[in-house]
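Quick note: the sequence shown uses the numbering used here, first residue 383, plus one each step.
Input: a single structure, listed below in structure tokens.
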Amino acid sequence: MSDNHLLTDLGESIDALAPALLALQRDVHAHPELSRGEVRTTARVEELLRGAGVRTRALPVTGLVADLGAEQPAYRVALRADLDALPVGERTGVAWASTTEGICHACGHDVHVAAVLGAGLALKEHEEQLRERGIGVRLLFQPAEEVIPGGAVDLIAQGALDGVDAIFAVHCDPSLDVGSVGLRDGAITAAADRVVVHLSGRGGHTSRPHLTEDLTFALAKVVTELPAVLSRRLDPRTAFALVWGELHAGQAANVIPSSGTVAGTLRMLDATAWTSVGPLLAQALEHIVAPYAVTAVLEHAQGVPPVVNEPEAIEVFRRSAEGMGLAAVGTPQSLGGEDFAWYLREVPGAMARLGTRTPGGTTYDLHQGDLVVDETSVVQGARLLAGAAVAGVVKSGSGRTVADR
383 MSDNHLLTDL GESIDALAPA LLALQRDVHA HPELSRGEVR TTARVEELLR GAGVRTRALP
443 VTGLVADLGA EQPAYRVALR ADLDALPVGE RTGVAWASTT EGICHACGHD VHVAAVLGAG
503 LALKEHEEQL RERGIGVRLL FQPAEEVIPG GAVDLIAQGA LDGVDAIFAV HCDPSLDVGS
563 VGLRDGAITA AADRVVVHLS GRGGHTSRPH LTEDLTFALA KVVTELPAVL SRRLDPRTAF
623 ALVWGELHAG QAANVIPSSG TVAGTLRMLD ATAWTSVGPL LAQALEHIVA PYAVTAVLEH
683 AQGVPPVVNE PEAIEVFRRS AEGMGLAAVG TPQSLGGEDF AWYLREVPGA MARLGTRTPG
743 GTTYDLHQGD LVVDETSVVQ GARLLAGAAV AGVVKSGSGR TVADR
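Have a look at this one:
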């Protein structure tokens, strides 16, 4: 059977599975779970895989790994989905909206789960063809993508990539129409860290700031000056962004507090600068707060490096998109972070941006409670990932081949 015929057959299998995949996506969406608490989601995925005869292995906390195809393959492909939701309240009003207060799938991980599951179930239906071609497929249902450190680090430590030659994933993109797939060689995301600054000092009455270590004023200086200092100490080509998302200090208008905290993310496109920015952060903070005599404690949690797509893996995605009737389009590098990057430091592969916008419809943003995806994207994601498993062998830029394993 030719690649084109197998792609056609996989597409037809996924189309037949569409009602079940949409039901799963809605079910997962309605019952979101936070990072490393994805117990129900894991159980639902495992139930469906085992029902189809797919071998599964549960992970220590949440998440699972499943294998199908050739048991001793010449080439093994991994397809990854992330399971966790965000601590964001949903305000979509859809019939399958989150039933858990303050938590929802505002990043589209419910789509990722249903797409990888659909790809796996379709590939299982054509398992004999996979065995004939010497192809093994591993499905990774990963917990905790939304936190630092992410669940990818856990899966790698637990051997999820053992024997894997290439890995693929999709990420929802509400700025692309459904049916489109955003592809990019090289870096497609940025490095992303968590930065928290704790200040403490002598508080007091707002009528006597000179008798205090005016912590609120010092905290305001950190908020504005730390990004400003970095803008003059880092090469502009790093394209960094330090943006604050949390700010806490005081409880009364006439009281200068004795403690305060600001937290945010530091993102940059340059992976080399990312590895060495820590000392600069600490030095800049020390100089900013020195005039105010407050005590500063810096928490800098290195998060993820950029996702760097292998050109040959992007070509596999391109062939899959063509064979599955999807439109492959170029996409820019973003300042978003994704722990899929850790997998790509171990094996070659690629992440594609999956269009989720209804043509002519609203352009939503990720990590917002009003995110609505066009449900057709579930089927399109499953098609793209199933196709990537059979559309070609990926060799890394270092010259590594299947035979080198």
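Even glycine gets a Cβ: it sits at the ideal position worked out from N, Cα and C.
When the five nearest sequence neighbours on each side are left out, the beta carbons in the same chain lying within less than 7 angstroms of the beta carbon of GLU507 are those of SER395, in order along the chain.
In the structure shown, LEU522 falls within a strand segment according to DSSP collapsed to helix, strand and coil. Nearest Cα to SER640 within the set GLY585, THR758, THR438 and ALA412: GLY585.
Excluding five sequence positions before and after GLY471, the CB atoms of its chain that fall closer than 6 angstroms to its own CB belong to GLY484 and GLY751, given in chain order.
Under the DSSP assignment, GLY646 falls in the beta strand (DSSP E) whose first and last residues are 641-650. The DSSP assignment places complete beta strand (DSSP E) segments of no fewer than 3 residues inside the segment 684-722 at 709-712, in order along the chain.
Here VAL625 is exposed: its Cβ has fewer than 16 other Cβ atoms, across all protein chains shown, within 10 Å. Distance from the Cα of TYR674 is smallest, within the candidate group VAL689, ALA773, LEU581 and GLY568, for LEU581. One Cα belongs to TRP478, the other to ALA467, and the distance between them is close to 15 angstroms.
Counting only runs of at least 3 residues, the segment 486-572 fully encloses the following beta strand (DSSP E) elements, listed from N- to C-terminal order: 517-524, 548-559 and 562-565.
Of the residues PRO688, HIS487, TYR725 and LEU748, the one whose Cα lies closest to the Cα of ASP544 is TYR725. A straight-line Cα-Cα distance of about 10 angstroms links THR390 and SER702. According to the DSSP assignment, HIS630 belongs to the beta strand (DSSP E) that extends over 623-631.
In the three-state DSSP reduction, ASP385 falls in the helix class (H, G or I).
A contact is defined here as three or more CB-CB pairs under 8 angstroms, and the segment 558-568 meets this definition with respect to the segment 726-737.
Contact annotation: ARG576 and THR643 have beta-carbon atoms that are not nearer than 8 angstroms. In this structure the segment 452-463 does not touch the segment 409-426; the number of beta carbon pairs closer than 8 angstroms is below three.
Contact between the segment 626-639 and the segment 663-671 is absent: fewer than 3 CB-CB pairs across the two stretches fall below 8 angstroms. DSSP places GLY433 inside the alpha helix (DSSP H), whose first and last residues are 421-433.
A distance of 8 angstroms or more separates the beta carbons of GLY541 and VAL519. Within the DSSP bridge table, the entry for ILE638 names GLY586 as partners. By the neighbour-count criterion, in which a residue is buried when 16 or more other Cβ atoms sit within 10 angstroms of its Cβ, GLN407 is buried. For ALA672, no beta strand (DSSP E) run applies, since DSSP gives it neither H nor E.
For PRO455, the number of other beta carbons within 10 angstroms of its own is at least 16, and it is reported as buried. Counting of Cβ neighbours within 10 angstroms places LEU522 among the buried residues, the total reaching 16 or more.
Under DSSP, VAL604 takes part in no beta bridge, so it has no partner. Sequence-distant partners of LEU667 (beyond 5 residues in either direction) whose C-beta falls short of 8 angstroms from its own C-beta, in its chain, are VAL579, VAL604, LEU608, ALA678 and LEU680. About 17 angstroms separates the beta carbon of ALA548 from that of GLY705, a gap too long to meet the 8 angstroms contact definition. Under the three-state reduction of DSSP, GLU668 is assigned to helix. Leaving aside the five residues that flank ALA621 on each side, the residues in its chain whose CB is nearer than 8 angstroms to its CB run, in chain order, ALA572, MET650, LEU651, ASP652 and LEU717. Distances from the CA of VAL698 to each of HIS749, ALA770, LEU465 and GLY533 were compared; the closest alpha carbon is that of ALA770. Judged by DSSP secondary structure, ALA768 falls within the alpha helix (DSSP H) whose first and last residues are 758-772.
Cβ-Cβ distances below 8 angstroms link ILE538 to TRP724, TYR725 and GLU728 in the same chain, with the five nearest sequence neighbours on each side left out; the list follows chain order.
For HIS580, the secondary structure class from DSSP, reduced to helix, strand or coil, is strand. In the DSSP assignment, ALA732 falls within the beta strand (DSSP E) that extends over 731-739. Relative to CYS554, the option among ALA768, TYR746, ARG439 and GLY500 whose CA is nearest is TYR746.
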